[in-house]
Every structure is written in C-alpha cells, then in structure tokens.
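K.L.:
I have a structure here, written as structure tokens, and I will follow up with some questions on it.
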Amino acid sequence: MSFSHGLRTLPFLVLAASTLLLVSPRGATAASLSGADLPIGGISVDLGFARVEAVGGSFVEEILAGFRPVGISGGLEGGEIDLADEAIVFEFAEPSVVTALALGNLFVAGEHDDAENERALVRVDYAGGGSAEFVLTVTGATSASFSGPGSVANLSPALFASAGAFVVSAPFGSSALDSLTLVAIGPAVPSDMRNNDYGFLSLDLVVIPEPGTVALVGVGLAGLARAARRRPPRALD
C-alpha cells in the first residue's frame with residue numbers, strides 16, 4: 670500500500686496499471702495519495718493530479734494500530750467522516766482510473782459502541798458522464814463486501830485494538846472518473862449516530878491525459894483478460 674503521493678500502486682495491481690500505461694498513446698501516469706498528503710487542520714490541497722477538499726470541517730488525523738485514517742473535525746464523531754453533512758471530495762485534473770481505495774475506522778457491531786457493522790458510502794462521477802454510488806460493508810473481523818466490481822482485502826481487523834482498515838482493488842473496474850466523494854450513510858438516528866463513520870487511508874490511480882484514451886482503457890483490460898483465458902493450464906508440480 671502506498672502512503673504518500675507519487676508514482677506507485679499496490680504490488681498486486683502493478684500488472685493492471687502497466688496495461689493501462691501500454692494502451693494509452695500519450696502515456697498514462699500512475700499516482701497515489703494518502704492521509705499524509707492532506708493538510709491536517711486545513712480544508713483543501715491541490716496535488717496537481719487531484720484537488721482534495723474537506724466538507725463540513727477541516728481534515729483531522731487519528732492514529733490506530735499504526736494506521737492514520739483522516740476524517741473531518743467536529744460533527745457527531747470528531748475525526749471521522751460522519752452523518753453531520755461531512756465528506757472528503759477528490760476532484761481529478763484528468764480522467765483517472767482508481768486502482769485501489771483504502772479506508773479505516775470501520776468496525777464490526779459491538780466495537781467502539783457501534784450497534785451494527787459499519788459501512789462507507791463512495792460516490793463517483795464518471796469521465797464519460799453519469800454518476801453512481803457504492804458501499805463498502807464490514808461483514809466480519811477481517812472481511813467486508815463491496816457493492817462495486819472490486820475485490821476487498823483486510824489490512825487491519827475491524828476490532829477495538831485495531832484500525833478496521835480495508836482496501837478495495839479496482840473498485841470501479843476500468844472506468845475513468847472525474848471525481849470521487851467519501852460520505853457517511855444512514856440511518857441518522859440518535860442510537861446509531863456513531864455507526865458508519867470512518868476515515869480515508871489512501872487512493873491509487875492511473876491518470877489518463879487525453880480524453881480520447883479513456884475508451885482504450887477498457888479495450889486494454891479486455892485484451893488482458895482474453896490473453897489469460899487463452900493461456901494453457903499449468904501442470905501441477
């Protein structure tokens with residue numbers, strides 16, 4: 670997992686990222702950012718490839734089991750993204766394909782006074798037009814489900830002494846985005862006000878510099894899938 674902005678991606682996503690680079694005639698660029706790149710106490714930062722804004726307060730960092738999730742000050746649960754109209758918004762300078770999204774402070778029911786397994790709501794605006802919402806839901810101490818096409822891995826258990834950290838690889842498939850927003854999801858009732866609050870850990874992406882290359886991203890990934898299907902099965906040792 671990359672925890673500073675630069676030309677890095679998750680190790681198991683390098684192949685996908687390199688495929689994106691190959692299919693772009695002008696050369697796509699891998700980039701990443703983490704909570705360490707956000708101005709704690711501030712409300713926005715321009716990283717060149719992306720502008721990140723805190724909505725409803727300023728950026729606040731917590732430290733949990735070696736992880737540093739970033740949320741929003743104040744609200745129902747200070748330091749996390751909660752239901753008090755809080756959000757973290759990522760606006761990309763160029764159409765970008767997200768290869769990994771990591772979130773923390775997501776716990777199972779009974780931990781940190783949570784009445785239910787916590788969820789995180791992710792809203793996206795596609796580069797080709799349109800928008801969608803996806804939900805990451807904790808299902809166990811080391812498991813979670815994602816409503817989009819991506820696969821989920823646990824980075825730290827969703828238990829009291831841990832960070833409740835999960836990473837979703839290729840969360841939106843090969844679709845390029847204009848923006849991504851992290852918000853909380855209801856219900857907004859007093860007994861559940863601590864539920865479904867969480868923090869941002871990191872984001873890995875591939876920046877597509879020319880609008881005309883966005884369509885090629887899917888073609889490149891489809892070609893990779895076809896090649897994998899044609900590969901003869903390996904003999905067992």
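Just so we're on the same page, the working numbering is the position in the sequence shown counted from 1, plus 669. Positions of the beta carbon are idealized from the N, C-alpha and C atoms, including for glycine. Just so we're clear, the structure is a prediction, and the values are computed from it rather than from any experiment.
Should the region 729-748 be called in touch with the region 807-819, which here means at least 3 C-beta pairs below 8 Å?
P.N.:
Counting C-beta pairs closer than 8 Å gives fewer than three between the region 729-748 and the region 807-819, which falls short of the contact rule.
K.L.:
Can you give the Cα-Cα distance for A832 and R737, rounded to whole angstroms?
P.N.:
9 Å
K.L.:
Apart from the five residues on each side of it in sequence, which residues of its chain come closer than 7 Å, Cβ to Cβ, to A778?
P.N.:
A784, E785, N786
K.L.:
Under a three-way DSSP split, which group does G798 fall into?
P.N.:
The three-state reading of DSSP puts G798 in coil, since its state is none of H, G, I, E or B.
K.L.:
On the criterion of 16 or more Cβ atoms from any shown chain inside 10 Å, does I709 qualify as buried, or is it exposed?
P.N.:
exposed
K.L.:
Can a CB atom of chain C be found closer than 9 Å to the CB of G696?
P.N.:
Judged by its chain identifiers, the structure shown contains no chain C, having just a single protein chain.
K.L.:
Mind checking which residues open and close the beta strand (DSSP E) that includes F736?
P.N.:
Taken as a continuous stretch (DSSP letters only), F736 belongs to no beta strand (DSSP E), as it is neither H nor E.
K.L.:
Within the chosen definition, does the region 736-754 reach the region 845-853 through at least 3 CB pairs nearer than 8 Å?
P.N.:
Yes, the region 736-754 touches the region 845-853.
K.L.:
Which value, in whole angstroms, describes the spacing of the CA atoms of G740 and S843?
P.N.:
Going from the Cα of G740 to the Cα of S843 covers about 27 Å.
K.L.:
Measure the Cβ-Cβ separation of A834 and A769 and say whether it is below 9 Å.
P.N.:
no
K.L.:
Which residue from V836, G696, L846 puts its Cα closest to that of A801?
P.N.:
L846
K.L.:
What's the gap between the Cα of N864 and the Cα of F815?
P.N.:
18 Å
K.L.:
Determine, using beta carbons only, whether V876 and P764 come nearer to each other than 9 Å.
P.N.:
yes
K.L.:
Mapping the DSSP letters down to three states, classify A705 as helix, strand or coil.
P.N.:
helix
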